[in-house]
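> So the protein lines, in turn, are chains S and P.
When we follow my numbering, the leftmost residue of the first sequence carries the number 1, and every step to the right adds one.
When we follow my numbering, the leftmost residue of the second sequence carries the number 172, and every step to the right adds one.
Protein chains: 2
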Amino acid sequence: MARTRGGVVVGGGIEMTPRYLEDFAVGQTYGSGHIRIEGDRIKSFAAEFDPQPFHLDDDAARNSIFRGLAASGWHTAALTMRLLVESELKPAGGIVGAGFDEFRWPHPVRPGDELRVESEVIEVRPSKSRPEQGLIKVRTTTFNQDGKAVQVLVSNLVVPRRGSDGNNGAL
Amino acid sequence: MARTRGGVVVGGGIEMTPRYLEDFAVGQTYGSGHIRIEGDRIKSFAAEFDPQPFHLDDDAARNSIFRGLAASGWHTAALTMRLLVESELKPAGGIVGAGFDEFRWPHPVRPGDELRVESEVIEVRPSKSRPEQGLIKVRTTTFNQDGKAVQVLVSNLVVPRRGSDGNNGAL
Chain S
1 MARTRGGVVV
11 GGGIEMTPRY
21 LEDFAVGQTY
31 GSGHIRIEGD
41 RIKSFAAEFD
51 PQPFHLDDDA
61 ARNSIFRGLA
71 ASGWHTAALT
81 MRLLVESELK
91 PAGGIVGAGF
101 DEFRWPHPVR
111 PGDELRVESE
121 VIEVRPSKSR
131 PEQGLIKVRT
141 TTFNQDGKAV
151 QVLVSNLVVP
161 RRGSDGNNGA
171 L
Chain P
172 MARTRGGVVV
182 GGGIEMTPRY
192 LEDFAVGQTY
202 GSGHIRIEGD
212 RIKSFAAEFD
222 PQPFHLDDDA
232 ARNSIFRGLA
242 ASGWHTAALT
252 MRLLVESELK
262 PAGGIVGAGF
272 DEFRWPHPVR
282 PGDELRVESE
292 VIEVRPSKSR
302 PEQGLIKVRT
312 TTFNQDGKAV
322 QVLVSNLVVP
332 RRGSDGNNGA
342 L
């Protein structure tokens with residue numbers, strides 16, 4: 001049974017089968033659902049975390065480098081994480097980042113955009129120092145409804161090996 | 172005069188003097204104020220953006236890789252941006268990232284932590300293709316109250332040159 005906390009499915013269920021290091025292979029791809037970003041949430045997120053005029057105010061944004069209201073890149077990153085957590089990429093023990101090789105926002109996110117992510121496994125390797133785990137390198141591209149990439153993130157994720165308790169690991 | 176929107180100072184005032192490319196030099200450092208992260212906000216941020224048990228639930232977190240409730244790294248990143256926007260690093264035209272060279276979370280952020288950032292300019296270079304602007308590379312380290320680094324971010328920021336309108340630029 002999937003458990004729900006605040007409407008968010010966080011565990012259990014057939015669709016939640018956790019994957020161990022041995023289950024990942026270079027070339028695998030994982031899609032996601034969609035999430036819509038509204039102008040009001042762009043502004044309230046920015047007021048709390050990135051209070052710059054081009055994320056807060058339509059008029060100020062028109063005269064900025066963004067030429068119109070744009071979401072904070074950190075808002076895009078946070079929504080990408082939501083899509084990723086709910087995608088079929090399900091490392092046992094959770095999505096735990098050990099650092100990033102690439103991270104950029106090639107195109108602004110606008111009010112009303114519908115975002116989705118595509119993840120591709122580009123490397124799988126056991127840990128030399130920790131036999132119970134390994135790392136996978138995943139390129140996660142966030143697209144808008146026009147198919148434009150709004151974020152590219154290459155992450156190194158800690159993944160337990162089958163037979164471990166799924167929770168060991170370095171931080 | 173500084174203007175305030177929702178309690179957030181977003182422009183004007185002596186302390187807000189914008190800096191152009193010519194004002195930045197390798198070795199300059201910029202501190203910040205402090206911000207406290209509460210357990211309830213860790214959980215509500217995670218429910219919206221990173222719904223994994225170790226960010227949502229104290230009991231589940233104890234048995235996870237984090238060995239206790241930890242903030243989503245994206246929450247840490249967003250709070251770092253808030254501290255950075257309100258720090259004395261004030262590029263004319265705003266803090267606009269053109270990509271990152273390094274990004275990692277070496278230590279978990281816990282409920283009640285008090286975060287601050289230190290930024291160091293490590294490179295300044297004019298743009299070859301856009302004479303009205305340049306890039307600065309800045310290492311921003313986020314520290315907790317014990318002086319432990321919880322995030323390291325090396326950003327490339329777009330900065331206008333003096334005499335430009337401060338808003339030109341590629342995106």
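Using N, Cα and C, we set each Cβ at its ideal position, and we do this for glycine too.
What distance in whole Å lies between the Cβ atoms of Pro-331 (chain P) and Ala-269 (chain P), which are believed to be in contact at a cut-off of 8 Å?
That belief does not hold up - the Cβ atoms of Ala-269 (chain P) and Pro-331 (chain P) are roughly 13 Å apart, past 8 Å.
> Would Glu-213 (chain P) and Ala-248 (chain P) be called neighbours here (beta carbons separated by less than 9 Å)?
First, the amino acid is wrong: residue 213 (chain P) is Ile here, not Glu. Not closer than 9 Å, so no.
> State yes or no: is the beta carbon of Gly-244 (chain P) nearer than 9 Å to at least one beta carbon in chain S?
Residue-level contact by beta carbon holds for Gly-244 (chain P) and chain S, with a gap shorter than 9 Å.
> Out of P:Pro-224, P:Gly-204, P:Ala-196, state which residue places its alpha-carbon closest to the alpha-carbon of Ser-235 (chain P).
When the alpha-carbon of Ser-235 (chain P) is set against those of P:Pro-224, P:Gly-204, P:Ala-196, the nearest one is in P:Pro-224.
> At the level of alpha carbons, what is the spacing between Ala-217 (chain P) and Arg-82 (chain S)?
9 Å
> Just the chain B side, please: which residues come within less than 9 Å of Asp-40 (chain S) by C-beta, in chain order?
Of the protein chains in this structure, namely S and P, none is chain B.
> With DSSP collapsed to three states, give me the class of Arg-41 (chain S).
In the displayed model, Arg-41 (chain S) falls within a helix according to three-state DSSP.
> Reducing DSSP to helix, strand and coil, say where Pro-53 (chain S) ends up.
DSSP places Pro-53 (chain S) in helix when its eight states are reduced to three.
> May I ask you to report which of helix, strand or coil DSSP gives Gly-12 (chain S)?
Its pLDDT being 37, under 50, Gly-12 (chain S) is placed unreliably in this model, and the coordinates cannot settle the point.
> If the cut is a Cβ gap below 8 Å, which residues of chain P does Leu-211 (chain S) touch?
This structure cannot speak to residue 211 (chain S), because chain S is shown only from 1 to 171.
> Mind checking if Gly-270 (chain P) is an interface residue toward chain S, Cβ cutoff 9 Å exclusive?
Yes, its Cβ sits closer than 9 Å to a Cβ of chain S.
> Counting pairs of Cβ atoms below 8 Å between the segment 112-124 of chain S and the segment 27-37 of chain S, do you hit three or more?
Segments in contact, yes.
> Kindly list the residues whose CB is nearer than 8 Å to the CB of Lys-90 (chain S), restricted to its own chain and excluding five residues on each side of it in sequence; keep chain order.
Met-16, Thr-17, Pro-18, Arg-19
> Give me the DSSP bridge partner(s) of Pro-160 (chain S).
S:Gln-133, per the DSSP bridge assignment.
> Which residues does DSSP list as the beta-bridge partners of Ile-346 (chain P)?
Since the first residue shown for chain P is 172 and the last is 342, residue 346 (chain P) is missing from the structure and cannot be characterised.
> By the criterion of Cβ-Cβ separation under 8 Å, what are the contact partners of Gly-94 (chain S) in chain P?
Within chain P, the residues whose beta carbon sits less than 8 Å from that of Gly-94 (chain S) are Gln-223, Pro-224, Phe-225, Ser-235, Ile-236, listed in sequence order.
> Can you check whether the CB of Phe-195 (chain P) is closer than 9 Å to the CB of Arg-104 (chain S)?
Taking 9 Å as the Cβ cut-off, Arg-104 (chain S) and Phe-195 (chain P) do not qualify as a contacting pair.
> If Ala-149 (chain S) sits next to Pro-106 (chain S), beta carbons under 8 Å apart, how far is it from one beta carbon to the other, in whole angstroms?
5 Å
> Could one say the Cβ of Glu-114 (chain S) lies closer than 9 Å to chain P's Cβ atoms, at least one of them?
Interface annotation, Glu-114 (chain S): not in contact with chain P, CB-CB separation never under 9 Å.
> So which residues of chain P does Val-159 (chain S) contact, with C-beta pairs closer than 7 Å?
Ordered by position in chain P, no residue passes the 7 Å Cβ test against Val-159 (chain S), which lies about 11 Å from the chain.
> Given Thr-141 (chain S), which residues of its chain have a CB within under 6 Å of its CB, disregarding the five upstream and five downstream residues?
Glu-118, Ala-149, Val-152
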